[in-house]
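Remarks on the structure that follows.
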Amino acid sequence: MMRLFSFLLFAVLVAAAQTDFLFSAGRKPPLDPYANHREFDQLMDQGLQAFMNQKNYWVAAQKFEAAVKLMPKDITARKALRLARNKLKTLPPEPAPVPVPVAVPELTEPVPPVPEHVEPSPDTAAQENETVRHEHIDVHYNSGLVAFMEENYSKTIKEMEAILRLDPGHAKARKLLMKAYSRAR
717 MMRLFSFLLF AVLVAAAQTD FLFSAGRKPP LDPYANHREF DQLMDQGLQA FMNQKNYWVA
777 AQKFEAAVKL MPKDITARKA LRLARNKLKT LPPEPAPVPV PVAVPELTEP VPPVPEHVEP
837 SPDTAAQENE TVRHEHIDVH YNSGLVAFME ENYSKTIKEM EAILRLDPGH AKARKLLMKA
897 YSRAR
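Going by this note's numbering, the first residue of the sequence shown is number 717, and it counts up by one from there.
The structure is reproduced here in structure tokens:
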């Protein structure tokens, strides 16, 4: 009986010493011995979903990296992490942002209030027609310029042709139209 008691005492002391040694690095033993396995499986599933279905290699690499931290000896997690990082390296660089066109000051000023209707004289009517025509030209030119910057050359061509119908001598419209024709090919 004494031998059995001393053997049990020895086994308990050895187990306690190993437990203290294993968890002396400041980490407490997990309450659930399979918690790391469950978390590992969740991270791997999330990483695979991001990799395969969403083609989001950045998120996949993060999930696989966390899984490798949980279980550093797992070969599957290491291979998955390497694949995700390789995919990140082979992705084309993100396209440069499209420059935002500068606002035309005439278009950002508030519209003056409209006076009560007065019959215009013939000279005033001609001046107003000329003003309206120039405003249309400005609108078409700005729209065509924005379309050119967005590489929408067919819209640029339409806008510049509309300007040239209103003012056949508009030099800037001709120049931009020629550029749009050359790039549209």
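We put the beta carbon where it would ideally sit given N, CA and C, even for glycine.
This one's a predicted model, so the numbers in the text were calculated from it and none came from an experiment.
Taking the alpha carbon of residue i as the reference point, which residue from the options has its own alpha carbon closest?
i	options	result
R754	M787, N772, W774	M787
L797	P808, K785, I873	K785
L799	L764, Q770, N769	L764
T806	L893, K771, L892	K771
A776	K795, K789, D790	K795
F756	K789, P829, N769, K891	K789
N802	R901, F767, Q762	F767
Among the residues of its own chain, which have a CB less than 7 Å from the CB of residue i, if the five just before and after it don't count?
i	result
W774	L804
A878	H856
Q778	none
R899	Y869
A889	Y857, M876, I879, L880
H886	I853, I879, L880
A896	F864, Y869, T872, I873, M876
A793	M760, F780, A783, V784, M787
N769	none
Determine, using beta carbons only, whether residue i comes closer than 9 Å to chain B.
i	result
I853	In the displayed structure, chain B is absent; only one protein chain is listed.
Considering residue i, what are the terminal residues of the alpha helix (DSSP H) in which it resides?
i	result
L797	791-806
R881	869-882
R890	887-900
K771	Here K771 belongs to no alpha helix (DSSP H), and DSSP marks it neither H nor E.
Counting only the same chain and skipping the five closest in sequence on each side, list residues whose C-beta sits under 6 Å from that of residue i.
i	result
G921	Residue 921 is absent from the model: the chain starts at 717 and stops at 901.
D736	Model confidence at D736 stands at a pLDDT of 48, short of 50, so the residue's coordinates are unreliable; what they give is reported in the following sentence. There are no such residues.
Within a Cβ cutoff of 8 Å, which residues of the same chain sit near residue i, ignoring the five residues on either side of it in sequence?
i	result
E867	R899
L893	T872, I873, M876, E877, L880
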